[in-house]
Amino acid sequence: MNINVGLFGGSGKMGKAIEQILPDMKGKNKLTPFLYIGKGTSNLFSISAEKITNVEPDILKEVDVWIDFTSPEGLAELLKATEKLKTSVVSGSTGLSKKDFSKLKKMSKNRKIFWASNMSPGLWAFRQAMKSLSHISHFDFAIEEIHHTEKKDNPSGTAKTLHGDLEKIVNKKVQLQQGIRIGGVFGVHKLSAASWSEVITMQHQALNRTVFAEGALLAGNWLVSQKNSLYSMDDIFLKK
Ligand SMILES: NC(=O)c1ccc[n+]([C@@H]2O[C@H](COP(=O)([O-])OP(=O)(O)OC[C@H]3O[C@@H](n4cnc5c(N)ncnc54)[C@H](OP(=O)(O)O)[C@@H]3O)[C@@H](O)[C@H]2O)c1
0 MNINVGLFGG SGKMGKAIEQ ILPDMKGKNK LTPFLYIGKG TSNLFSISAE KITNVEPDIL
60 KEVDVWIDFT SPEGLAELLK ATEKLKTSVV SGSTGLSKKD FSKLKKMSKN RKIFWASNMS
120 PGLWAFRQAM KSLSHISHFD FAIEEIHHTE KKDNPSGTAK TLHGDLEKIV NKKVQLQQGI
180 RIGGVFGVHK LSAASWSEVI TMQHQALNRT VFAEGALLAG NWLVSQKNSL YSMDDIFLKK
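Its first residue numbered 0, the sequence shown is counted upward by one per residue in numbering that gives the first Met the number 0.
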């Protein structure tokens, strides 16, 4: 089956990573670069526009799945512009509030939505490994993160996800610290568990942005054959 991809946030760092790998993506369906929304024009996508509100409805309706890496405001704009069409959306935008998540949940009754704070398979495996910490819940815990200086949200969406997981696993409150912002670091997340006798350190480091872009495109390929709902990484990995 052919899947027409819409890219929202095309001129951003993640948008460029998506554009770079899209032609080489393999999967169940063929992903076709169809509509690019961002600054400038794309040589890869058939149609480019700076704003989604400038795109004719007849063109918008040709998009089968949107890939969004923008911001909470960007995601809200995308969802609004495509609400009537009920187009599937994969979003990696972080910094979403509780209210934003409730809206996503509500909207997913009428369309397929996939959201993940981190699209990398390694980070998902990290989260699974964290489950063993339930056996040492009396330890002290800390989550630290480092990202590039242009990152807008702090702590990162991934740190918030790890923090939420950890508090459930060890069944107690853990303080979440502000992240460090230096240079061009793609993303480092470190979890420490310490007693007075030993320390465990688990760390995930993204070595490029391709890992997130690949995850988002795999999710897009998978999402189009699902029923209306809100999905995340567990749905891809656990229900395979
Ligand atoms: N889930 C994951 O695996 C993952 C991985 C990496 C990054 N992220 C997240 O993805 C998002 C983008 O990251 P990035 O590094 O690509 O950031 P970036 O380089 O700043 O790019 C963001 C892009 O989104 C556009 N944008 C922002 N708000 C918008 C709006 N309201 N309407 C339309 N376009 C809008 C920006 O356009 P302008 O330049 O015109 O403002 C820019 O092109 C962030 O939330 C980041 O935390 C998630």
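The C-beta atom is built at its ideal place from N, Cα and C for all residues, glycine as well.
Being a predicted model, the structure only gives us computed values, none of them experimental.
- About 7 Å separates the beta carbons of K29 and I2, which is inside the 8 Å limit, making them a contact pair.
- Here the C-alpha atom of I36 lies approximately 19 Å from the C-alpha atom of I112.
- About 19 Å separates the beta carbons of P71 and S87, which is beyond the 8 Å limit, so they are not a contact pair.
- Short of 6 Å from the beta carbon of T31, and not among the five residues preceding or following it, lie these beta carbons of its own chain, in chain order: N1, N3.
- Within a 10 Å sphere around the beta-carbon of N42 sit fewer than 16 other beta-carbons, which makes this residue exposed.
- Burial state of H188 is buried, judged by a 10 Å Cβ sphere holding 16 or more other Cβ atoms.
- Each of L229, L95, L74, L132 was checked against the Cα of K105, and the nearest Cα belongs to L229.
- For A128, the enclosing alpha helix (DSSP H) stretches over residues 120 to 128.
- Proximity of the beta carbon of G182 to ligand 1 is not indicated: no heavy atom of the ligand is located closer than 6 Å.
- Around the CB of T160, 16 or more other CB atoms lie within 10 Å, so the residue is classed as buried.
- K171 and L165 have their C-alpha atoms roughly 9 Å apart.
- Contact between the stretch 215 to 230 and the stretch 178 to 197 is not established, with fewer than three Cβ pairs separated by less than 8 Å.
- Beta bridge pairing from DSSP links E143 with K189.
- Secondary structure within the stretch 19 to 75: the alpha helix (DSSP H) runs of 4 or more consecutive residues, fully enclosed, are 56 to 59 (chain order).
- Secondary structure at V169: helix, using DSSP grouped into helix, strand and coil.
- Collapsing the DSSP output to three states places H137 in coil.
- Judged by DSSP in its simplified three-state form, M0 adopts coil rather than helix or strand.
- A direct Cα-to-Cα measurement between E82 and A115 gives close to 20 Å.
- For G14 against F68, the beta-carbon gap comes to about 6 Å, under 8 Å, which counts as contact.
- Taking the C-beta atoms as reference points, E144 is found nearer than 7 Å to A158.
- The Cβ atoms of P154 and G178 lie closer than 7 Å to each other.
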